[in-house]
Amino acid sequence: MQSAFGGIDFGTSNSTVGVIRDGRAQLVALEGEQPTLPSAVFFNFEDGHTYFGRRAIADYTDSIEGRLMRSLKSVLGSSLASEKTRIKARLIGFVDIIGFFISHLKKRLEEDAGGPVERVVLGRPVQFVDDDAEADAKAQSELEKAARAQGFKHIAFQFEPIAAALDYEQNVAREELALIVDMGGGTSDFSVVRVSPERARSDDRKGDILANRGIHIGGTDFDRLLSIAHVMPELGYLTPTKDGKRNLPASYFIDLATWQRIN
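Each residue of the sequence shown is one higher than the one before, starting from 513 at the first, in this note's numbering.
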């Protein structure tokens with residue numbers, strides 16, 4: 513008897529997990545009854561535990577001593593993916609921290625499935641990195657490495673907008689041409705897909721994907737721009753030096769406004 517298999521959408525801002533039940537994919541409750549989990553990790557220095565999701569954010573906003581990390585997906589494919597960061601006395605790789613979060617999702621998946629889950633489909637954006645096939649492949653490889661380290665043995669990938677199209681297809685009564693717009697925290701994807709009840713039974717759907725493009729712009733970019741425009745000036749951004757010949761270096765403030773840089 514084969515083990516159950518699931519799906520994980522590890523997002524920049526939020527994540528979801530699905531499992532096949534009664535022949536249909538269903539979302540797993542990840543935090544209480546919530547099917548979504550903020551993609552946040554908090555290393556609590558006071559009790560030594562690691563927390564995820566809303567609890568992670570709550571501990572941080574309650575001024576508990578520790579380290580909050582968000583937008584970790586944006587690290588994939590970048591130079592940061594090969595770097596380590598200090599968590600109290602330990603140096604931990606960013607991909608390993610992503611692995612901690614995936615391990616938490618896997619635990620919830622297996623609790624819902626009632627046993628071990630070794631097969632998973634991971635969602636991925638159309639492009640992790642704009643116009644750089646090598647960096648894009650590197651990002652997928654890093655995500656696969658993080659998932660495999662948590663015990664997943666059979667890993668497949670699906671473009672996130674195509675997964676959305678296949679879900680939508682379960683409810684169509686006739687053939688349609690669907691425009692799928694997936695605007696996430698780190699990327700925005702756009703796909704045109706032919707869907708129909710008859711095509712849903714086909715194993716090869718490549719011919720039904722008429723267009724599939726993405727760009728590395730998402731909600732966290734708007735957060736960054738808002739922070740640079742309205743918060744960073746209060747902290748010294750664009751402040752001139754004493755001699756008035758130049759402003760304070762902008763790079764520090766831009767990094768401070770960018771989640772994956774302050775991780």
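Think of the CB as a built atom: it goes at the ideal place given N, C-alpha and C, for glycine as much as any other residue. Computed from a prediction, not measured in an experiment: that's the story for all the values here.
Within the same chain, show all residues whose beta-carbon is closer than 6 Å to that of residue i, passing over the 5 residues directly before and after it, in chain order.
i      : result
Phe555 : Thr562, Gly578, Arg579 and Ile599
Gln772 : Ser583, Ser586 and Val587
Met513 : Only weak support is given to the placement of Met513: the predicted model assigns it a pLDDT of 49, under 50, and the value that follows is read from those uncertain coordinates. Taken in chain order, the list of residues that qualify is empty.
Ala516 : Ala625 and Val629
Lys618 : Gln662
Gly605 : Lys596
Glu669 : The sequence given here places Phe at residue 669; Glu does not occur at that position. So the qualifying residues of the chain are Leu634 and Arg636.
Between which two residues does the alpha helix (DSSP H) harbouring residue i extend?
i      : result
His616 : Phe606 to Ala625
Ala568 : Gly565 to Thr573
Asp648 : Ala645 to Arg660
Ile774 : Trp771 to Ile774
Would you kindly work out how many angstroms separate the C-alpha atoms of residue i and residue j, rounded to a whole number?
i      : j      : result
Thr528 : Leu542 : 8 Å
Arg582 : Phe612 : 13 Å
Thr548 : Phe640 : 21 Å
Asn724 : Ile667 : 22 Å
Ile610 : Asp755 : 45 Å
Pro745 : Val632 : 45 Å
Arg713 : Glu681 : 11 Å
Tyr572 : Asn683 : 41 Å
Ala645 : Gly560 : 40 Å
Glu687 : Glu622 : 36 Å
Gly627 : Lys665 : 15 Å
Gly535 : Leu750 : 58 Å
Thr732 : Ile774 : 13 Å
Gln546 : Arg717 : 32 Å
Tyr764 : Pro709 : 53 Å
Asp715 : Asp643 : 29 Å
Am I right that residue i and residue j are in contact with their C-beta atoms under 8 Å? What's the rounded C-beta distance?
i      : j      : result
Leu738 : Gly748 : Going by Cβ atoms, the distance from Leu738 to Gly748 rounds to 17 Å, so no, they are not a contact pair.
Ser525 : Gly697 : 3 Å
Val553 : Ala568 : 6 Å
Ala690 : Val707 : 5 Å
Gly635 : Glu672 : 5 Å
Phe702 : Ile614 : At roughly 27 Å, the Cβ-Cβ gap does not stay under 8 Å, so Phe702 and Ile614 are not in contact.
Glu654 : Ala741 : Incorrect: roughly 32 Å between the Cβ atoms, too far for contact.
Lys557 : His616 : For clarity, residue 557 is Phe in the given sequence; the question names Lys instead. The pair is not a contact, with the Cβ atoms about 19 Å apart (cut-off 8 Å).
Arg602 : Val540 : No, Arg602 and Val540 are not in contact; Cβ-Cβ is about 30 Å, not under 8 Å.
Going along the chain, which residues of its own chain have a beta-carbon closer than 8 Å to the beta-carbon of residue i, five neighbours each way excluded?
i      : result
Ala537 : Gly519, Gly530, Val531 and Asp679
Asp648 : Gly589, Gln639, Phe640 and Val641
Thr699 : Thr524, Pro637, Val638, Gln639, Phe640, Gly726, Ile727, His728, Ile729 and Gly730
Val743 : Ala769
With a CB to CB cut of under 7 Å and the five nearest residues on each side skipped, what residues in its chain are close to residue i?
i      : result
Arg566 : Glu543 and Pro550
Ile766 : Ile740
Val607 : Ala593, Glu654, Lys657 and Ala658
Ala677 : Ala690, Ile692, Ser703, Val705 and Val707
Phe721 : Residue identity differs from the one stated: residue 721 is Ile in this sequence, not Phe. Answer for Ile721: Ile674, Ser703 and Val705, listed in chain order.
Arg736 : Ala769 and Thr770
Ala651 : Leu588, Gly589, Phe640 and Val641
Which two residues bound the contiguous beta strand (DSSP E) that contains residue i?
i      : result
Ser763 : Not the beta strand (DSSP E): Ser763 falls in the alpha helix (DSSP H), residues Ala762 to Leu768.
Glu688 : Glu688 to Met695
Ala474 : The structure shown does not extend to residue 474, since the chain spans only 513 to 775, so no value can be given for it.
Ala668 : His666 to Phe671
Arg598 : Lys596 to Ile599
Gln538 : Arg536 to Leu539
Arg631 : Val629 to Arg636
Arg713 : Segment: none, Arg713 is in no beta strand (DSSP E) and carries neither H nor E.
Asn556 : Ala552 to Asn556
His542 : It should be noted that the sequence gives Leu, not His, for residue 542. Counting along the chain, Leu542 falls outside any beta strand (DSSP E), and DSSP gives it neither H nor E.
Should residue i be listed as close to the ligand GTP, given that the test is whether its C-beta is under 8 Å from any heavy atom?
i      : result
Gln662 : By its list of ligands, the structure shown contains no ligand whatsoever, and the ligand GTP lies outside what it can speak to.
Mind the definition here: the region 693-712 touches the region 656-670 only if three or more C-beta pairs lie below 8 Å; say whether that holds. Result no; under three Cβ-Cβ pairs closer than 8 Å.
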